[in-house]
Ligand code: NAD
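Residue numbers (the working numbering): 87 to 513.
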């Protein structure tokens, strides 16, 4: 099929590259000229496992990139909207980019097309995009469907190619048929529902996962007080199939470009419809306090942080991505700096993005370089690289012997044996 994907960010680029790999003719559109220039040179503007190979295999065959929305839309049967829906000032999802894209589609529409809302958009957005296009598109035929994306950064290509389910929200049989055909090669459960329910599924799923994270973090904090080990507790809980093992890892709190903003947007959606979502507000509050708690732990170990050297391992919001949007790691680093600590950070992929978000950040060339003369090592992102370090060497390079493992990813017994004073979260 002939497809346009508007917005070549984490979701759009992966969507476009995967659909091209499945044999479709895909045009990726972005208004960011530099991004498009890099893509046309075969460079991926983001770090995502498997993406460079997909780009190399499909570029100039099934996959092209342009800044010209009109031409791309005119030639396509399906147009995906994958632009950002960042948090607005009042917590609601900012629909500016979506409405802009919808307007551009309306200008170019020339015959039946399916417009796919893949970005995470508030309930009612399918109808809204439909209205915007209808106002300008005259009598042209089209359908707008909701098709929320569930991929995770770090495993985005695999998640796109092997989804747990594909959700399609539409009242149009014609559109449902085309979408089912498009996704048929993925061989995944297809859940076709009405647009509002599809839109709600995305928010409810993210809010539920965020709730699991805040829940286990709250349990972790109680575990510390009662001398239980949250890793054991989570494992014991996970065997219950009603609960499951996933998303029960305690740590510094959730972050990234989705969970925090989507939770706030859902709280806002509820509020606009007269429901006070106390539960989700609590989830967000636990999350914010969890980051502050990590700073408190560092102060508990070092006292006043003025003039203290802190080595920070990790800046990305999780391993295997270069994304630092709402990263708890970066937020904790920022709070430590505010307390007067001299932080030297290292991350395998996220340092460039982190420096843009926090220009005064001092970065090291390697994990070992970061710990030189440090009073404490704070592990903030669970990259494999950190687990594999030579901790004997780390011990020799550091001035102090404190380790705060906010991801519970080191083995406390062997670390303590090397002379470290180890602390995790909830253990
Ligand atoms: P992103 O910020 O990485 O990418 C958005 C891109 O859209 C940018 O490159 C921007 O330049 C481009 N853009 C904006 N307006 C445009 C326009 N009118 N024409 C062409 N290009 C335009 O965003 P993302 O992380 O890919 O997220 C996109 C959407 O997908 C969001 O709604 C997000 O909530 C949702 N989502 C994200 C993830 C994730 O893991 N990142 C997962 C599931 C869903």
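From the three backbone atoms N, C-alpha and C, an ideal C-beta is built for every residue, glycine too.
Computed from a prediction, not measured in an experiment: that's the story for all the values here.
- Here residue 483 carries a helix assignment [DSSP, helix/strand/coil].
- Between the region 133 to 141 and the region 102 to 109 there are three or more C-beta pairs closer than 8 Å, enough to call the two in contact.
- Judged by DSSP secondary structure, residue 513 falls outside any alpha helix (DSSP H); it is assigned neither H nor E.
- Straight through space, the alpha carbons of residue 125 and residue 131 are spaced by roughly 7 Å.
- Residue 349 has no beta-bridge partner at all, per DSSP.
- With a 10 Å radius around the Cβ and a threshold of 16 neighbouring Cβ atoms, residue 376 comes out buried.
- By the criterion of a C-beta distance shorter than 6 Å, residue 136 is surrounded in its chain by 243, once the five residues flanking it on both sides are discounted.
- Residue 434 sits buried, since 16 or more C-beta atoms from the chains shown fall within 10 Å of its C-beta.
- Taking 8 Å as the upper bound for CB-CB distance, residue 403 and residue 342 are in contact here, some 4 Å apart.
- According to the DSSP assignment, residue 88 belongs to the beta strand (DSSP E) that extends over 88 to 92.
- In the three-state reduction of the DSSP assignment, residue 472 falls in the helix class.
- A check of alpha carbon separations from residue 158 across 129, 199, 487, 307 identifies 199 as the nearest.
- Under the three-state reduction of DSSP, residue 420 is assigned to helix.
- Under the rule that a run must span 3 or more residues, the beta strand (DSSP E) segments found entirely inside the region 87 to 170 read 88 to 92, 111 to 115, 149 to 152, 164 to 167.
- Between residue 507 and residue 488, the beta carbon gap of about 5 Å places them in contact (Cβ cut-off 8 Å).
- With a cut-off of 7 Å, the C-beta of residue 96 is classified as near ligand 1, since at least one heavy atom of the ligand falls inside that distance.
- The beta carbons of residue 447 and residue 419 sit closer together than 8 Å.
- Boundaries of the alpha helix (DSSP H) around residue 307: 281 to 312.
- Relative to the non-hydrogen atoms of ligand 1, the Cβ of residue 92 comes within a distance shorter than 7 Å of at least one.
- Judged by DSSP in its simplified three-state form, residue 432 adopts strand.
- Per the C-alpha coordinates, the member of 227, 251, 229, 230 positioned closest to residue 237 is 251.
- Secondary structure at residue 459: coil, using DSSP grouped into helix, strand and coil.
- In this structure residue 480 does not touch residue 422 by the C-beta definition: roughly 19 Å separates them, more than the 8 Å allowed.
- Residue state for residue 230 is assigned as strand, using DSSP reduced to three classes.
- When distances are taken from the beta-carbon of residue 186 to the heavy atoms of ligand 1, the shortest one is below 7 Å.
- Taking the C-beta atoms as reference points, residue 352 is found no nearer than 8 Å to residue 365.
- When C-alpha distances from residue 492 are compared across 306, 456, 277, the shortest belongs to 306.
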